[in-house]
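Scroll down for the structure; my scribbles are underneath it.
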Amino acid sequence: MERYYQPEIECAPREVIKKLQSERLVAQIRRVYDSVPYYRKKMEEKGVAPEDIKGIDDLYKLPFLSKYDLRDAYPYGLLGAPLKDCVRIHSTSGTTGKRVIAFYTQHDIDLWDDCCARAIVAAGGSKDDVCQVAYGYGLFTGGFGLNGGSQKVGCLTVPISSGNTERQIMFLQDLNATILCCTPSYAAYLGEHMKEMGLGPDDIPLKAGIFGAEAWSEEMRQSIQETLGIKAYDIYGLTELSGPGVAFECSDQHGMHINEDHFIAEIIDPDTGEVLPEGATGELVITAVDKEAFPMIRYRTRDICSLTREKCPCGRTHVRMSKPKGRSDDMLIIRGVNVFPSQIETVLLNNGFAPNYLIVVDRVNNTDTFEVQVEMTPDMFTDDIGAIQARQKALEAGLLSMLGIRAKVTLLAPKSITRSEGKAVRVIDKRKI
Ligand code: DLL
-2 MERYYQPEIE CAPREVIKKL QSERLVAQIR RVYDSVPYYR KKMEEKGVAP EDIKGIDDLY
58 KLPFLSKYDL RDAYPYGLLG APLKDCVRIH STSGTTGKRV IAFYTQHDID LWDDCCARAI
118 VAAGGSKDDV CQVAYGYGLF TGGFGLNGGS QKVGCLTVPI SSGNTERQIM FLQDLNATIL
178 CCTPSYAAYL GEHMKEMGLG PDDIPLKAGI FGAEAWSEEM RQSIQETLGI KAYDIYGLTE
238 LSGPGVAFEC SDQHGMHINE DHFIAEIIDP DTGEVLPEGA TGELVITAVD KEAFPMIRYR
298 TRDICSLTRE KCPCGRTHVR MSKPKGRSDD MLIIRGVNVF PSQIETVLLN NGFAPNYLIV
358 VDRVNNTDTF EVQVEMTPDM FTDDIGAIQA RQKALEAGLL SMLGIRAKVT LLAPKSITRS
418 EGKAVRVIDK RKI
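Counting from 1, position 84 in the sequence shown corresponds to residue 81 in the numbering used here; the numbering is continuous, with no gaps.
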């Protein structure tokens, strides 16, 4: 039977959600206009005043906020609460430009913890569970976010953080952990390591995993579910919007419910900014209606997905987002064709490979080169050159049919690609170096 952490809001009728969003939006816009000069200026430039925002139907009138604004206003320019009321920061790794520093009041942390608690309960978590949090703790939001949610649910929380894989497996076994939270790439690595230790799904008590922070394919979900003997749930979020828990998957595993009492979602055409109708694929834009310290209004996430309000069998009424294919920044344009790493992952896993791969793109004589390096699994590894070449050809054909362009496939010996304990690095784009 489906269980909920806050059923009155998670299953509220749509009119109730819309009314709540409208009231919160109006109050939030008034607040940021009055207290954050950066927002006031942006609104003035767009010719919109707080009085023009009477509800969510007026959302389109407001200016977008982008990563460039965050850079511009770094570090304090978007602060929406007095610094003395802020109790914590988190930060992005800053791999694509300057870091983002997000601020939190205690109220913000409480709401964030609630969102993560909803995700844990949706994955079957309760006071009876032992929840091992193997996301990184520290500036990254993964560890603290799921930790807060787990404690709210009343699980016995194991704040092990990422890394030290043997100790992870020992704790899973010794403490009878039933829920694992980490990145999908680390979950895959844990499964691989267990196999090497001669352990199978029946040797660990896990029943569910809550995996996110990076794009992962349906095929990767199947593979993790089998090796760990669990149900694997997706969770989505970003530092700018508190962290994990903006959206989470229910037992139906068909899209992630966006916590709409706190976040209003829109999908736009990333090139024109036009708001797209329900069901269309585009860039996800989120307005946080009750965050205090780091208010984000119409924030362009750069994540490409679609939304549906179709009835979900789980009983939750909040809109669902499809699995993001990855950030628009992660999308590669190779010989004029758009390629997402997650599409490549799908082909690899469908051909029996494990998710240990690297995409290398370069430009030689004005032409893009495109290579997919992938490890063979131990049972594929052979000195029969003919067999290896046949696999290589099959993979090249699969990639061509998925992407419409040719890739050179290089098969590597097992264990040649570095394993990730957090977000996996899948792409080396030498054109950018
Ligand atoms: O990754 C927050 C998080 C932690 C989410 C733990 C889930 C679990 P950032 O480091 O700021 O925050 O990175 C945010 O990661 O814009 C997406 O591109 C990507 N991302 C996050 N969750 C998913 C997901 C955290 N479930 C960026 N599927 C986002 C695909 C995801 N991509």
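We treat Cβ as the ideally placed atom computed from N, Cα and C, and that holds for glycine.
Three-state secondary structure assigned by DSSP to residue i
i: residue 431; result: A query on residue 431 cannot be resolved here, the shown segment of the chain reaching from -2 to 430 and no further.
i: residue 158; result: coil
i: residue 36; result: helix
i: residue 136; result: coil
i: residue 30; result: helix
i: residue 197; result: coil
i: residue 16; result: helix
i: residue 178; result: strand
i: residue 87; result: strand
i: residue 59; result: coil
i: residue 405; result: strand
i: residue 241; result: strand
i: residue 141; result: helix
i: residue 341; result: helix
i: residue 301; result: strand
i: residue 9; result: coil
i: residue 379; result: coil
i: residue 365; result: strand
i: residue 45; result: coil
i: residue 222; result: helix
i: residue 347; result: helix
i: residue 357; result: strand
i: residue 188; result: helix
i: residue 228; result: strand
i: residue -1; result: coil
Neighbourhood of residue i by C-beta distance below 6 angstroms, restricted to the same chain and skipping five residues each side
i: residue 417; result: 182
i: residue 263; result: 272, 282
i: residue 171; result: none
i: residue 396; result: 344, 404
i: residue 335; result: 328
i: residue 0; result: 118
Residues near residue i by beta carbon distance below 7 angstroms, same chain, minus five either side
i: residue 331; result: 358, 365, 367, 402
i: residue 136; result: 87, 88
i: residue 17; result: 258
i: residue 265; result: 271, 272, 273, 279, 280, 282
i: residue 389; result: 406, 408
i: residue 25; result: 286, 287, 292
i: residue 218; result: 229
Whole-angstrom distance between residue j and residue i, CA atom to CA atom
i: residue 192; j: residue 376; result: 13 angstroms
i: residue 15; j: residue 370; result: 48 angstroms
i: residue 274; j: residue 195; result: 50 angstroms
i: residue 220; j: residue 226; result: 10 angstroms
i: residue 198; j: residue 174; result: 13 angstroms
i: residue 427; j: residue 356; result: 10 angstroms
i: residue 319; j: residue 33; result: 33 angstroms
i: residue 438; j: residue 168; result: Outside the displayed range of the chain (-2 to 430) lies residue 438, so it cannot be described from this structure.
i: residue 384; j: residue 351; result: 18 angstroms
i: residue 149; j: residue 312; result: 22 angstroms
i: residue 308; j: residue 159; result: 36 angstroms
i: residue 45; j: residue 59; result: 7 angstroms
i: residue 19; j: residue 324; result: 28 angstroms
i: residue 303; j: residue 276; result: 6 angstroms
i: residue 434; j: residue 13; result: The chain is shown from -2 up to 430; residue 434 falls before or after that span and cannot be answered.
i: residue 424; j: residue 338; result: 8 angstroms
i: residue 97; j: residue 129; result: 27 angstroms
i: residue 75; j: residue 66; result: 9 angstroms
i: residue 154; j: residue 127; result: 6 angstroms
i: residue 422; j: residue 399; result: 22 angstroms
i: residue 212; j: residue 322; result: 6 angstroms
i: residue 41; j: residue 50; result: 13 angstroms
i: residue 105; j: residue 113; result: 13 angstroms
i: residue 240; j: residue 77; result: 17 angstroms
i: residue 190; j: residue 214; result: 21 angstroms
i: residue 378; j: residue 69; result: 51 angstroms
i: residue 95; j: residue 289; result: 23 angstroms
Cβ separation of residue i and residue j, assumed to be a contact under 8 angstroms, to the nearest whole Å
i: residue 47; j: residue 30; result: 5 angstroms
i: residue 109; j: residue 142; result: 6 angstroms
i: residue 278; j: residue 301; result: 6 angstroms
i: residue 488; j: residue 101; result: Given a span of -2 to 430 for the chain in the structure shown, any question on residue 488 remains unanswerable.
i: residue 447; j: residue 62; result: With the chain running from -2 to 430 in the structure shown, residue 447 is simply not present.
i: residue 419; j: residue 180; result: 6 angstroms
i: residue 329; j: residue 216; result: That belief does not hold up - the Cβ atoms of residue 329 and residue 216 are roughly 19 angstroms apart, past 8 angstroms.
Same chain only: Cβ atoms within 8 angstroms of residue i, ignoring 5 sequence neighbours per side
i: residue 310; result: 249
i: residue 372; result: 350, 351, 353, 354, 408, 409, 410, 411, 412, 413, 414
i: residue 156; result: 130, 134, 140, 144
i: residue 164; result: 157
| request: Examine the Cβ distances between the segment 294 to 309 and the segment 265 to 282 and report whether three or more of them are shorter than 8 angstroms. | output: yes
| Pairing CB atoms from the segment 114 to 131 with CB atoms from the segment 225 to 243, are three or more of them under 8 angstroms? | yes
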